[in-house]
Amino acid sequence: MNDLPYLAGYPAELLDRVRGLIARGELAQWIAARYPERHTVQTDRALYDYVNALRQRYLRNTSPLSKVCYDAAMHPVRGTLGSNAFVSRVQGARLKRRNEIRIATLFREAPPEGLRMVVVHELAHLKEKDHDKAFYQLCCHMEPAYHQLEFDMRVWLTARELSVA
1 MNDLPYLAGY PAELLDRVRG LIARGELAQW IAARYPERHT VQTDRALYDY
51 VNALRQRYLR NTSPLSKVCY DAAMHPVRGT LGSNAFVSRV QGARLKRRNE
101 IRIATLFREA PPEGLRMVVV HELAHLKEKD HDKAFYQLCC HMEPAYHQLE
151 FDMRVWLTAR ELSVA
(Lines of atoms letter the chains of each structure in order from A; the text may use other names.)
(Lines give C-alpha, C1' and ligand atoms only; values in the text may rest on other atoms or scores of the structure.)
Protein backbone atom coordinates (compact mmCIF):
# COMPACT_ATOMS: atom_id res chain seq x y z
CA MET A 1 0.00 0.00 0.00
CA ASN A 2 1.25 3.48 -0.83
CA ASP A 3 1.86 5.57 2.30
CA LEU A 4 1.41 8.78 0.26
CA PRO A 5 -1.60 8.13 -2.01
CA TYR A 6 -1.96 11.77 -3.11
CA LEU A 7 1.66 11.88 -4.26
CA ALA A 8 1.82 8.67 -6.27
CA GLY A 9 3.89 9.13 -9.41
CA TYR A 10 6.18 11.87 -8.09
CA PRO A 11 9.97 11.29 -7.96
CA ALA A 12 11.36 9.36 -5.00
CA GLU A 13 13.46 12.37 -3.92
CA LEU A 14 10.34 14.51 -3.41
CA LEU A 15 8.54 11.69 -1.63
CA ASP A 16 11.53 11.25 0.71
CA ARG A 17 11.40 14.97 1.57
CA VAL A 18 7.71 14.73 2.38
CA ARG A 19 8.27 11.58 4.45
CA GLY A 20 11.01 13.42 6.35
CA LEU A 21 8.64 16.29 7.15
CA ILE A 22 6.03 13.77 8.30
CA ALA A 23 8.55 11.90 10.48
CA ARG A 24 9.59 15.16 12.18
CA GLY A 25 5.95 16.23 12.55
CA GLU A 26 6.56 19.36 10.46
CA LEU A 27 4.40 18.76 7.37
CA ALA A 28 1.34 20.69 8.57
CA GLN A 29 3.48 23.63 9.70
CA TRP A 30 5.41 23.67 6.41
CA ILE A 31 2.29 23.81 4.26
CA ALA A 32 0.61 26.33 6.61
CA ALA A 33 3.65 28.60 6.38
CA ARG A 34 3.67 28.30 2.60
CA TYR A 35 -0.08 28.98 2.25
CA PRO A 36 -1.28 30.81 5.38
CA GLU A 37 -4.56 32.17 4.01
CA ARG A 38 -7.91 30.58 3.28
CA HIS A 39 -10.02 31.71 0.34
CA THR A 40 -13.38 33.45 0.70
CA VAL A 41 -15.26 31.51 -1.99
CA GLN A 42 -17.56 29.60 0.36
CA THR A 43 -20.94 29.39 -1.38
CA ASP A 44 -21.94 27.73 -4.63
CA ARG A 45 -22.94 31.13 -6.04
CA ALA A 46 -19.54 32.64 -5.17
CA LEU A 47 -17.86 29.59 -6.72
CA TYR A 48 -19.90 30.01 -9.91
CA ASP A 49 -18.89 33.67 -10.14
CA TYR A 50 -15.22 32.82 -9.47
CA VAL A 51 -15.12 30.05 -12.10
CA ASN A 52 -17.05 32.07 -14.65
CA ALA A 53 -14.69 35.05 -14.25
CA LEU A 54 -11.72 32.78 -15.03
CA ARG A 55 -13.60 31.25 -17.96
CA GLN A 56 -14.38 34.70 -19.35
CA ARG A 57 -10.75 35.75 -19.03
CA TYR A 58 -9.10 32.73 -20.61
CA LEU A 59 -11.75 30.69 -22.46
CA ARG A 60 -14.25 33.16 -23.91
CA ASN A 61 -15.08 30.96 -26.88
CA THR A 62 -16.20 27.99 -24.80
CA SER A 63 -19.86 27.35 -24.12
CA PRO A 64 -21.26 28.86 -20.92
CA LEU A 65 -21.38 26.91 -17.69
CA SER A 66 -24.83 25.90 -16.56
CA LYS A 67 -23.83 24.81 -13.06
CA VAL A 68 -20.82 25.15 -10.77
CA CYS A 69 -21.00 23.83 -7.22
CA TYR A 70 -19.21 22.24 -4.32
CA ASP A 71 -19.86 18.50 -4.09
CA ALA A 72 -19.67 16.75 -0.71
CA ALA A 73 -19.74 13.31 -2.34
CA MET A 74 -16.29 13.75 -3.89
CA HIS A 75 -13.32 12.26 -2.10
CA PRO A 76 -9.82 12.89 -3.46
CA VAL A 77 -8.49 9.34 -3.04
CA ARG A 78 -11.61 7.42 -4.04
CA GLY A 79 -12.54 9.80 -6.81
CA THR A 80 -11.40 13.22 -7.89
CA LEU A 81 -10.85 16.76 -6.67
CA GLY A 82 -13.23 18.13 -9.27
CA SER A 83 -15.26 16.94 -12.20
CA ASN A 84 -16.74 18.11 -15.45
CA ALA A 85 -20.02 16.89 -16.85
CA PHE A 86 -20.95 17.43 -20.47
CA VAL A 87 -24.61 16.59 -20.78
CA SER A 88 -26.23 16.67 -24.22
CA ARG A 89 -29.93 16.14 -24.74
CA VAL A 90 -32.39 16.60 -27.56
CA GLN A 91 -34.76 19.49 -27.09
CA GLY A 92 -37.14 19.59 -30.03
CA ALA A 93 -35.06 19.74 -33.19
CA ARG A 94 -31.99 21.04 -31.36
CA LEU A 95 -29.30 19.43 -29.32
CA LYS A 96 -28.85 21.23 -25.99
CA ARG A 97 -25.49 20.94 -24.21
CA ARG A 98 -24.88 21.67 -20.55
CA ASN A 99 -21.50 22.05 -18.91
CA GLU A 100 -21.26 21.45 -15.18
CA ILE A 101 -18.24 21.75 -12.93
CA ARG A 102 -18.19 20.23 -9.45
CA ILE A 103 -15.43 20.88 -6.93
CA ALA A 104 -14.85 18.71 -3.84
CA THR A 105 -16.30 20.40 -0.75
CA LEU A 106 -13.01 20.03 1.13
CA PHE A 107 -11.66 22.83 -1.07
CA ARG A 108 -13.75 25.29 0.95
CA GLU A 109 -10.93 25.00 3.50
CA ALA A 110 -8.11 25.23 0.95
CA PRO A 111 -5.76 28.11 0.31
CA PRO A 112 -6.79 30.39 -2.59
CA GLU A 113 -4.03 28.92 -4.75
CA GLY A 114 -5.41 25.40 -4.24
CA LEU A 115 -8.89 26.38 -5.31
CA ARG A 116 -7.49 28.18 -8.34
CA MET A 117 -5.46 25.12 -9.35
CA VAL A 118 -8.51 22.82 -9.25
CA VAL A 119 -10.70 25.34 -11.08
CA VAL A 120 -8.06 25.87 -13.79
CA HIS A 121 -7.81 22.10 -14.19
CA GLU A 122 -11.55 21.71 -14.63
CA LEU A 123 -11.83 24.70 -16.96
CA ALA A 124 -9.08 23.26 -19.16
CA HIS A 125 -11.33 20.24 -19.69
CA LEU A 126 -13.80 22.51 -21.49
CA LYS A 127 -11.32 22.63 -24.40
CA GLU A 128 -9.14 19.55 -23.87
CA LYS A 129 -10.80 16.34 -22.71
CA ASP A 130 -7.64 14.26 -22.16
CA HIS A 131 -4.71 14.88 -19.84
CA ASP A 132 -2.24 15.36 -22.66
CA LYS A 133 0.40 17.93 -23.54
CA ALA A 134 -2.14 20.43 -24.91
CA PHE A 135 -4.20 20.11 -21.73
CA TYR A 136 -1.27 20.93 -19.44
CA GLN A 137 -0.15 23.77 -21.72
CA LEU A 138 -3.61 25.29 -21.35
CA CYS A 139 -3.45 24.84 -17.56
CA CYS A 140 -0.06 26.60 -17.51
CA HIS A 141 -1.43 29.39 -19.71
CA MET A 142 -4.20 30.07 -17.18
CA GLU A 143 -1.93 29.52 -14.14
CA PRO A 144 1.83 29.68 -14.84
CA ALA A 145 2.65 27.95 -11.51
CA TYR A 146 0.14 25.16 -12.17
CA HIS A 147 2.50 22.21 -11.66
CA GLN A 148 3.92 23.59 -8.41
CA LEU A 149 0.42 24.34 -7.11
CA GLU A 150 -0.75 20.84 -7.99
CA PHE A 151 2.11 19.31 -6.03
CA ASP A 152 1.58 21.66 -3.09
CA MET A 153 -2.13 20.88 -2.99
CA ARG A 154 -1.36 17.20 -2.94
CA VAL A 155 0.95 17.86 0.02
CA TRP A 156 -1.85 19.92 1.62
CA LEU A 157 -4.24 16.98 1.16
CA THR A 158 -1.66 14.66 2.73
CA ALA A 159 -1.22 16.98 5.74
CA ARG A 160 -4.98 17.33 6.07
CA GLU A 161 -5.47 13.55 5.97
CA LEU A 162 -2.75 13.02 8.61
CA SER A 163 -4.32 15.58 10.95
CA VAL A 164 -7.72 13.86 10.70
CA ALA A 165 -6.29 10.37 11.31
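If you use the UniProt record's numbering, the sequence shown corresponds to residues 1 to 165, in order. Glycine is no exception: its CB is placed at the ideal position from the N, C-alpha and C atoms.
Short CB-CB distance (under 8 Å) between residue i and chain B
i: Ser163; result: Absence of chain B from the displayed structure is noted, only one protein chain being present.
Three-state secondary structure (DSSP) of residue i
i: Asp3; result: coil
i: Asn99; result: strand
i: Lys129; result: coil
i: Ala33; result: helix
i: Ala104; result: strand
i: Val68; result: strand
i: Arg94; result: strand
i: Glu113; result: helix
i: Gln42; result: coil
i: Ala159; result: helix
i: residue 227; result: The chain is shown only over 1 to 165; residue 227 falls outside these bounds and no answer can be derived.
Residue i classed as buried or exposed, judged by whether at least 16 other C-beta atoms fall within 10 angstroms
i: Glu109; result: exposed
i: Asp152; result: buried
i: Ala124; result: buried
i: Pro111; result: buried
i: Thr158; result: buried
i: Leu14; result: exposed
i: Arg154; result: buried
i: Ala12; result: exposed
i: Leu27; result: buried
heavy atom of the ligand SAH below 7 Å from residue i C-beta
i: Val119; result: What this structure holds is no ligand at all, so the ligand SAH is not there to describe.
Cβ-based neighbour list, residue i, same chain, cut-off 8 Å, excluding 5 preceding and 5 following
i: Ser63; result: Arg97, Asn99 and Leu126
i: Asn2; result: Ala8
i: Trp156; result: Ile31, Tyr35, Ala110, Pro111 and Gly114
i: Asp71; result: Ser83, Arg102, Ile103, Ala104 and Thr105
Residue i versus the options, residue with shortest Cα-Cα distance
i: Gln56; options: Glu13, Met142, Tyr6 and Lys129; result: Met142
i: Arg116; options: Asp16, Ala28, Val41 and Gly20; result: Val41
i: Val119; options: Phe107, Glu26 and Asp130; result: Phe107
i: Tyr146; options: His121, Asp130 and Pro5; result: His121
i: Thr43; options: Ala33, Cys69, Leu59 and Asn61; result: Cys69
i: Glu150; options: Lys129, Tyr136, Leu162 and Asp71; result: Tyr136
i: Ser163; options: Gln29, Leu59 and Pro144; result: Gln29
i: Arg160; options: Asn61, Leu65, Gly25 and Arg45; result: Gly25
Integer Cβ distance of residue i from residue j, believed to fall under 8 Å
i: Leu47; j: Ile103; result: 7 Å
Cβ neighbours of residue i in the same chain (closer than 7 Å, five flanking residues each side left out)
i: Arg38; result: Glu109 and Pro111
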